[in-house]
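In my numbering, the protein residues as written are 6 to 152. Beneath this line is the structure, given in structure tokens, with notes to follow.
What follows is the structure, given as structure tokens:
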């Protein structure tokens, strides 16, 4: 059924909409996105004093990489209880590469300027791909469970 030369199609398998008119075609697809970018709220999953239960969840205010999206193993800057603190991402909600676990929440571990963790325990499982990295050796040492 055509309406004034405009057509619409829906691909049932992928949920992608095709639309166009009078010889022009365009593809429009809008999946749900959950990246870790600036102003993203995260959960602190270690037992540090700053990571204790808080009224307002910590906010990502900076990324220590050139890309604007952070993933597992990246360092970010948090605003937590009126202070700035570095943190390492150990869990992301966003779509991951094969053999990289996807988490239900954005999890971080607080670290100091030298890269050592502020807390002494990690409450959630840590991705096993962090084991091979030199920067995360101290965090892997205090983790009890791996995914």
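Beta carbons are placed, not taken as given, at the ideal position from N, Cα and C, and that holds for glycine.
Ignore the nearest five residues each way along the sequence and tell me which others in residue i's own chain have a CB closer than 7 angstroms to its CB.
i	result
residue 84	63, 64, 66
residue 140	120
residue 138	78
residue 37	For residue 37, the predicted model reports a pLDDT of 41, less than 50, meaning its position is unreliable; a value from the coordinates is still stated below. Once the five neighbours on either side are set aside, residue 37 has no close Cβ partner at all.
residue 44	64, 65
Closest by CA to residue i, which one among the options?
i	options	result
residue 125	53, 40, 90, 88	53
residue 72	40, 113, 150, 109	40
residue 127	99, 118, 95	95
residue 42	61, 98, 87	98
residue 107	135, 116, 77, 89	77
residue 56	143, 86, 100, 69	86
residue 118	69, 47, 50	69
residue 105	135, 59, 142, 46	135
residue 49	110, 103, 74, 102	110
residue 113	146, 81, 61, 152	81
So, for residue i: in the same chain, excluding its five sequence neighbours on each side, which residues have a beta-carbon less than 6 angstroms away from its beta-carbon?
i	result
residue 150	130
residue 116	91, 93, 122
Around the C-beta of residue i, are 16 or more other C-beta atoms found within 10 angstroms, so that it is buried, or is it exposed?
i	result
residue 58	exposed
residue 148	buried
residue 146	exposed
Complete runs of the beta strand (DSSP E) confined to the segment 84 to 113 [at least 3 residues]
88 to 96
Entirely within the segment 38 to 65 and at least 4 residues each: give me those alpha helix (DSSP H) ranges in chain order.
none
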